[in-house]
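Peer 1:
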Amino acid sequence: MIEFISTYKNLILYVLAVIAAVILLRLSTKFIIKWLVKKEAKRLPDAPVRSMKLVRITLNLLWLILGIIALSAVFVDRDKDQLLVDYFKLASYIGAVTVITIITATVCNMWFKHRIDEKVTHDFDPTTYKFLRYVSVFVICFIGLLFTLMAFPSLKGVAQTALGGAGVLALIAGVASQEALSNLVGGIFIVSFKPFKIGDVIKVTDTMVGTVTDITLRHTVIRNFENKMIVIPNAVINKEKLINYDLGELKCCEHIELGITYNSDVTLAKKILQEECENHPLIHDNRSESDKQQGKPIVKTALTKFNDSSVVIRAWAWSSSFGNSFTLKCDVYESAKKRFEAEGVDLAFPTRTIYMANDEKTTLDNEIKS
Numbered sequence: 001m002i003e004f005i006s007t008y009k010n011l012i013l014y015v016l017a018v019i020a021a022v023i024l025l026r027l028s029t030k031f032i033i034k035w036l037v038k039k040e041a042k043r044l045p046d047a048p049v050r051s052m053k054l055v056r057i058t059l060n061l062l063w064l065i066l067g068i069i070a071l072s073a074v075f076v077d078r079d080k081d082q083l084l085v086d087y088f089k090l091a092s093y094i095g096a097v098t099v100i101t102i103i104t105a106t107v108c109n110m111w112f113k114h115r116i117d118e119k120v121t122h123d124f125d126p127t128t129y130k131f132l133r134y135v136s137v138f139v140i141c142f143i144g145l146l147f148t149l150m151a152f153p154s155l156k157g158v159a160q161t162a163l164g165g166a167g168v169l170a171l172i173a174g175v176a177s178q179e180a181l182s183n184l185v186g187g188i189f190i191v192s193f194k195p196f197k198i199g200d201v202i203k204v205t206d207t208m209v210g211t212v213t214d215i216t217l218r219h220t221v222i223r224n225f226e227n228k229m230i231v232i233p234n235a236v237i238n239k240e241k242l243i244n245y246d247l248g249e250l251k252c253c254e255h256i257e258l259g260i261t262y263n264s265d266v267t268l269a270k271k272i273l274q275e276e277c278e279n280h281p282l283i284h285d286n287r288s289e290s291d292k293q294q295g296k297p298i299v300k301t302a303l304t305k306f307n308d309s310s311v312v313i314r315a316w317a318w319s320s321s322f323g324n325s326f327t328l329k330c331d332v333y334e335s336a337k338k339r340f341e342a343e344g345v346d347l348a349f350p351t352r353t354i355y356m357a358n359d360e361k362t363t364l365d366n367e368i369k370s
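Going by UniProt numbering, the first residue of the sequence shown is number 1, and it counts up by one from there.
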């Protein structure tokens with residue numbers, strides 16, 4: 001045993017040194033990352049804990065791979081030492097690029113996040129910054145991937161061409177599907193021309209109405225009034241004819257319609273509906289100065305339609321926003337129904353007169369006998 005140790009003393013010391021170095025590096029990485037996260041958490045409540053954990057995992061994996069490569073030198077021939085050195089350099093390069101990419105993307109993401117918070121605090125539109133945040137992080141990760149590919153001789157030409165400038169767009173267009181590229185272009189158009197922005201209430205279809213919460217590289221996210229998230233690809237929403245309730249003037253005109261029976265007093269029904277609208281606290285006076293001088297009412301009412309079993313009374317009720325208009329409409333429906341019942345105005349419902357074939361035959365037979 002002593003003879004074995006004395007013979008392979010240098011080799012044993014080398015193996016122990018490599019193992020000790022790997023353990024020391026892993027412990028140091030854990031301590032440093034933990035210290036950084038704790039320090040940043042005090043200064044920034046939204047410290048990038050997940051990104052720092054990813055850096056720690058990457059570094060620990062790198063130390064392990066480098067340790068394995070270093071230990072492999074014990075079991076290979078000396079003529080393959082240069083190959084191990086090349087593998088060692090390759091692993092070190094990929095690890096360094098990965099860590100730098102993660103840190104750069106994290107810093108960029110945090111900067112944009114703080115800018116977005118500032119915009120929201122000062123009531124500015126954060127849409128552009130939110131979209132650029134996704135673009136910047138994507139570009140950083142894409143460039144990091146290209147630098148990683150440069151480490152491999154067979155892929156070095158592709159990476160250099162892509163990093164050359166115009167090759168980036170050509171490579172993206174080549175590897176991306178037509179749908180993905182159209183979603184990206186659609187997102188750029190939305191951010192550039194601003195048919196809507198984050199925080200706007202929009203209506204894409206009757207089933208897709210809500211507040212825009214996010215615009216990413218691929219899709220737009222809408223939170224509807226049931227608190228459900230609707231995800232719409234940018235290429236789709238960019239082609240749709242949508243209604244933006246927050247674009248331009250916020251005031252909104254709501255059509256409040258009630259059907260009454262034919263024998264009801266139309267004048268009384270119009271008066272009741274007008275009074276209930278005008279007495280509501282959310283009503284908005286949209287009259288011009290000329291209309292006020294002429295004594296025109298705040299809410300206009302009219303008979304608009306004759307149906308089979310009813311006549312329709314409509315009120316044009318204005319509110320300060322789309323959200324208020326819905327509340328106004330619901331409240332007026334309830335209060336107007338109570339007023340109609342109290343003052344003898346009947347709300348209409350479908351009426352049908354049914355003639356039975358047997359009854360007609362029996363009636364005809366009785367007439368003949370008589």
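Idealized CB from N, CA, C, for every residue including glycine.
Quick caveat: nothing in here was measured; it's all calculated off a predicted structure.
Note down, in chain order, each residue of its chain lying with its Cβ closer than 7 angstroms to the Cβ of A166, except the 5 sequence neighbours on either side.
Peer 2: Legend: pLDDT at A166 = 48, less than 50; position of this residue unreliable, value from coordinates given subsequently. Nothing listed; no residue qualifies.
Peer 1: DSSP three-state label for A17, please.
Peer 2: Helix, per DSSP.
Peer 1: Excluding sequence positions up to five away, which residues of its chain have a Cβ less than 6 angstroms from the Cβ of I300?
Peer 2: Before going on, a small fix: residue 300 reads as Lys here, not Ile. Within the same chain, K300 has close Cβ partners W316.
Peer 1: If you draw a straight line from the C-alpha of T211 to the C-alpha of K305, how long is it?
Peer 2: Roughly 34 angstroms separates the two Cα atoms.
Peer 1: Compute the beta-carbon to beta-carbon distance between F147 and V97, rounded to the nearest angstrom, for a pair I have assumed lies under 8 angstroms.
Peer 2: Between V97 and F147 the Cβ distance is about 5 angstroms, and since that is below 8 angstroms, they are a contact.
Peer 1: Which residue wins for smallest C-alpha separation from K239, given the options C277, G187 and A269?
Peer 2: Checked all of C277, G187 and A269; the closest Cα to K239 is G187.
Peer 1: List the whole-angstrom C-beta distance separating I272 from A336, where the pair is believed to meet the contact cut-off of C-beta under 8 angstroms.
Peer 2: About 6 angstroms; that satisfies the 8 angstroms criterion.
Peer 1: If L250 and S310 are in contact, beta carbons under 8 angstroms, what's the gap, nearest whole angstrom?
Peer 2: Contact flag wrong, Cβ pair sits at about 33 angstroms.
Peer 1: By Cβ distance below 6 angstroms, which residues in the same chain neighbour L16 in space, the five residues on each side in sequence not counted?
Peer 2: Closer than 6 angstroms at the Cβ level, and outside the excluded window around L16, lies no residue.
Peer 1: If we call anything under 8 angstroms between Cβ atoms a contact, is L84 one with A73?
Peer 2: Cβ distance < 8 angstroms, so L84 and A73 count as in contact.
Peer 1: How big is the Cα-Cα spacing for F75 and I69?
Peer 2: Looking at the two C-alpha atoms, the distance is approximately 10 angstroms.
Peer 1: Just the C-alpha distance for V204 and F196, rounded to the nearest angstrom, thanks.
Peer 2: Answer to the nearest angstrom: the Cα atoms are 11 angstroms apart.
Peer 1: What does A315 pair with, by DSSP beta-bridge criteria?
Peer 2: Beta-bridge pairing links A315 to I256 and T301.
Peer 1: Helix, strand or coil, according to DSSP, for R352 in the structure here?
Peer 2: If DSSP states are grouped into helix, strand and coil, R352 belongs with coil.
Peer 1: What three-state label does DSSP hand V345 in the structure shown?
Peer 2: Looking at V345 - three-state DSSP - the assignment turns out to be coil, as it is neither helix nor strand.
Peer 1: What distance in whole Å lies between the Cβ atoms of T220 and G232, which are believed to be in contact at a cut-off of 8 angstroms?
Peer 2: The amino acid at residue 232 is misidentified as Gly; the sequence shows Ile. Correct: roughly 5 angstroms between the Cβ atoms.
Peer 1: If you follow the alpha helix (DSSP H) that K292 is part of, which residue opens it and which one closes it?
Peer 2: Here the alpha helix (DSSP H) through K292 covers E289 to Q293.
Peer 1: Between M208 and I237, what straight-line distance do the alpha-carbon atoms span, to the nearest angstrom?
Peer 2: About 11 angstroms.
Peer 1: Which of helix, strand or coil does DSSP assign to residue 372?
Peer 2: The chain is shown only over 1 to 370; residue 372 falls outside these bounds and no answer can be derived.
Peer 1: Which of the three DSSP states, helix, strand or coil, is assigned to K39?
Peer 2: Helix, per DSSP.
Peer 1: With DSSP as the reference, identify every bridge partner of N224, one or two as the case may be.
Peer 2: DSSP, once it has assigned bridges, lists G210 as partnering N224.
Peer 1: Residues in the same chain with beta-carbon distance under 7 angstroms from N234, minus the five sequence neighbours each way, listed in chain order, please.
Peer 2: Here the set comprises N183, G186, G187, I190, R218, H219 and T220.
Peer 1: Residues bridged to I215 by DSSP?
Peer 2: The partner list for I215 (beta bridge, DSSP) reads T220.
Peer 1: Using 8 angstroms as the threshold, is the C-beta distance between R339 and H255 below it?
Peer 2: No, they are not a contact pair.
Peer 1: By Cβ distance below 6 angstroms, which residues in the same chain neighbour F4 in space, the five residues on each side in sequence not counted?
Peer 2: Residue confidence for F4 is low, a pLDDT of 47 falling below 50, so the modelled location carries little weight; the figure read from the coordinates is stated next. None.
Peer 1: Rank G67, V37 and I65 by C-alpha distance to the C-alpha of L54 and give the top, closest one.
Peer 2: Residue V37 is the option with its Cα nearest to L54.
Peer 1: Reducing DSSP to helix, strand and coil, say where M150 ends up.
Peer 2: Note: M150 maps to coil in three-state DSSP.
Peer 1: Which stretch, first to last residue, makes up the beta strand (DSSP E) that contains T205?
Peer 2: Start and end: V201 to T205.
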